[in-house]
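Visitor: Protein chains in written order, with our numbering: chain A, 905 to 1174; chain B, -17 to 196.
Here's a structure for you.
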Amino acid sequence: MTITQPSTHMTNTLEGSSAMTRPFVSALAPSKQFGEHRAVDNVSLDVTKGEVVSIIGPSGAGKSSLIRCLNLLESPDAGSLSIGDTTIDFDSGKPGKAQVTRLRRFTGMVFQSFNLFPHFTALKNVALPQMRVHRRSRAEAEERAMEELRRVGLEAKAGAYPTQCSGGQQQRIAIARALAMDPELMLFDEPTSGLDPEIGAEILQVMRKLAADDMTMLIVTHEMEFARQVSNQIAVMVDGAVIEQGNPEKIMSDPEQERTNRFLSAVLGR
Amino acid sequence: MGEIIAYIAMGTGWTAVMTFGSAAIGIVLGLPMLALAQSRFSVLRGIYHAIVHVVRGVPTIVWLFIAFFGVGQLGLTLSPVAASLLVLSIIAAAYMAEIYRGGIQAVPAGQWEAANALNLDRFSTLRFIIGPQLFRAVSPSVATQIIGLLKDSALVSTIGVADLVFRAGIMTQYNAHGLYMFGIAGLIYLALSLPIAAFSRSIHAHITRRYALA
């Protein structure tokens, strides 16, 4: 429930986790360096089950790098990460394959560029990963795929290839593909940035439904109004660090940090 | 005249064996070479680049002579057919590996990322996600390469494999009608290359239709 930016590496978030429920996701000061550039700098964050956390901030702040660290598409150089019952400590080196696979069981990822498999129909995009990873039978996987396509309003597109679908439809298929793997945490990396605002609204509608179904979600977004309405928490990220986090209304209307204020003024045009 | 044409045309057998034999071996052998090229270890990648550079940097005819005359001096005697198939196959593998390497780069990084994020294992990722897209990307270049091999296979006549050129040469020695003899051989080469090109186009059209890709 808390997102903290520890001033030193030793700072911990035990305070937050000892209260009530244990967090489902707990990142403790992960850092990620690309060459000279520190993309993610000692960020710690906890997310409890069913919570929606939006990460906002100027481009280049490390929002995408942070979310990619959470399912190990980027491997952090330091810190630790636990999701569910799996904990990985990055200080002792790169995690092994088995650890990565264990951690990724919990997460579904939605990309800005959709990344559907172009040589599969929508149905097969959603069914094949289930068959290979969860060893579901074809019938079982396809039934589940239809269910998820229905959930995103696209059962009519089951037989279509990605190129025969609009961007908004492709993104909804990508969401269905991730959901069919039974994730307990959904990561969204700017899911609407590549789309017209009107089409983006379709995606946001699907995400609202997910939030209403108590899906735990971490969302990197530029949709401020959406973040305000749907999130339990907003984290503001600048230069690889979370400079402020908390209640959406509070952050939107009365941020503590001058930098947050400047960012919001720029994007909200106020 | 019919007998002469028949005599030359019989060379089609060895020409086809050299072309399609080395193409088949090269297509398969190119895959482990691709694995070498994509290795995490820079030493293995270095070995890959060294092999490709050496294989491609020396003229095919020199490799043929090395395999046929040179290796014999080291105690291992290769027949003309064995030496030819060996050399053409290795050269084909080097070119195929380079084609595959280009194809891999044509598959967007997002495809690997999506497969990883979905927790697909390495085999499933290669077999179901990357492989089919790679196949689509490389099939036109592979067909072009096979036509190249068809033409390169003419070099095996220099070490005595009785292919089309070899037989056209023999006939020329008998009747001195080089223009016609090699004209016949040239027409047969053309006739062989046309179906390869047509086959490649049909594969490409099939894939394009099936995947509904532009």
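Backbone N, C-alpha and C define an ideal beta-carbon position, used for all residues, glycine too.
1) When the Cα of phenylalanine 50 (chain B) is compared with those of B:Ala5, B:His159, B:Thr140, which residue comes out closest?
2) Note down, in chain order, every chain C residue with its Cβ under 8 Å from the Cβ of leucine 108 (chain B).
3) Against chain B, does alanine 1049 (chain A) count as a neighbour if the rule is that its beta carbon must be under 9 Å from one of theirs?
4) Give me the residue from A:Lys1061, A:Val929, A:Ala1139 with the minimum Cα distance to alanine 1080 (chain A).
5) Comparing alpha-carbon positions, which option in A:Pro1101, A:Asp1143, A:Ala1078 lies nearest leucine 1091 (chain A)?
6) When the cut-off is 9 Å and only beta carbons count, does proline 934 (chain A) lie next to chain B?
7) Measuring CB to CB, does glutamine 1073 (chain A) end up less than 9 Å from leucine 1058 (chain A)?
8) Among the residues of its own chain, which have a CB less than 6 Å from the CB of aspartate 1093 (chain A), if the five just before and after it don't count?
9) Which first and last residues belong to the alpha helix (DSSP H) in which glutamate 1052 (chain A) is found?
10) From leucine 60 (chain B) to valine 1030 (chain A), what does the alpha carbon distance come to, in whole angstroms?
11) Under 9 Å Cβ-Cβ, which residues of chain B neighbour serine 1053 (chain A)?
12) Return the CA-CA distance between glycine 12 (chain B) and valine 143 (chain B), expressed in angstroms with no decimal places.
13) If we ignore side chains and look at the alpha-carbon of each, how far apart do glutamine 93 (chain B) and phenylalanine 1021 (chain A) end up?
14) Given that glutamate 95 (chain B) touches chain A, what residues does it touch there, using C-beta distances under 9 Å?
15) Quick check on the DSSP output: the beta strand (DSSP E) that includes lysine 936 (chain A) runs from which residue to which?
16) Comparing C-alpha positions only, which one of A:Asn1165, A:Thr1164, A:Ile1138 sits nearest to valine 956 (chain A)?
17) Give me whichever residues DSSP pairs with valine 1014 (chain A) in a beta bridge.
18) Identify each residue in the stretch 4 to 22 of chain B for which the Cβ-Cβ distance to at least one residue of chain A is less than 8 Å, and report them in chain order.
19) Where glycine 1173 (chain A) and lysine 1113 (chain A) are concerned, what is the direct C-alpha to C-alpha distance, given to the nearest angstrom?
20) Kindly say whether aspartate 103 (chain B), judged by its beta-carbon, lies nearer than 9 Å to any beta-carbon of chain A.
21) So, for asparagine 975 (chain A): in the same chain, excluding its five sequence neighbours on each side, which residues have a beta-carbon less than 8 Å away from its beta-carbon?
22) On a Cα-Cα basis, can you pick out the residue from A:Pro980, A:Thr990, A:Val1171 that is closest to methionine 1156 (chain A)?
23) Would the stretch 74 to 93 of chain B and the stretch 115 to 127 of chain B be scored as touching if the rule is three or more Cβ pairs under 8 Å?
24) State the DSSP-derived secondary structure class of aspartate 134 (chain B), mapped to helix, strand or coil.
25) List the DSSP bridge partners of serine 1097 (chain A).
26) Closer than 9 Å, CB to CB, is glycine 85 (chain B) near chain A or not?
27) Take serine 958 (chain A) and list the residues in its own chain whose beta-carbon comes closer than 6 Å to its own, dropping the five residues that flank it on each side.
28) Go through the stretch 104 to 164 of chain B residue by residue and report every complete run of the beta strand (DSSP E) that reaches 3 residues or more, in order.
29) By Cβ distance, which residues of its chain are closer than 8 Å to serine 123 (chain B), with the 5 residues on each side in sequence left out?
30) Give me the Cβ distance between valine 1142 (chain A) and arginine 1163 (chain A), rounded to the nearest whole Å; I'm assuming they're in contact under 8 Å.
31) Rounded to the nearest angstrom, how far is the Cβ of alanine 1084 (chain A) from that of arginine 1048 (chain A), given a contact under 8 Å?
32) In angstroms, rounded to a whole number, what distance separates the CA positions of arginine 1166 (chain A) and lysine 953 (chain A)?
33) Could you give the uninterrupted runs of the beta strand (DSSP E) lying entirely in the stretch 21 to 88 of chain B, keeping only those of 3 residues or more?
34) Please confirm if proline 122 (chain B) has its CB atom under 9 Å from at least one CB of chain A.
35) What separation, rounded to the nearest whole angstrom, lies between the Cα atoms of glycine 28 (chain B) and aspartate 993 (chain A)?
36) Please list, in chain order, the chain A residues whose beta carbon lies closer than 9 Å to that of glutamine 115 (chain B).
Guide: Once the coordinates are examined:
1) B:Thr140
2) Although the question refers to chain C, the structure presented lacks it and instead comprises the protein chains A and B.
3) no
4) A:Lys1061
5) A:Ala1078
6) no
7) yes
8) Ser968, Ile971, Phe1015, Gln1016, Val1124
9) 1042 to 1055
10) 54 Å
11) Here residue 1053 (chain A) is leucine; the residue named in the question, serine, does not match the sequence. Ordered by position in chain B, no residue passes the 9 Å Cβ test against leucine 1053 (chain A), which lies about 16 Å from the chain.
12) 25 Å
13) 7 Å
14) Arg972, Leu977, Met1013, Phe1015, Asn1019
15) 929 to 938
16) A:Ile1138
17) A:Phe1092
18) none
19) 29 Å
20) yes
21) Leu1007, Arg1008, Thr1011, Met1013, Leu1091
22) A:Val1171
23) yes
24) helix
25) Serine 1097 (chain A) pairs with nothing; no bridge assigned.
26) no
27) Ile1123, Thr1125, Ala1131, Ser1135, Ile1138
28) none
29) Ile81, Gly84, Gly85
30) 5 Å
31) 5 Å
32) 32 Å
33) none
34) no
35) 33 Å
36) Phe1021, Pro1022, His1023
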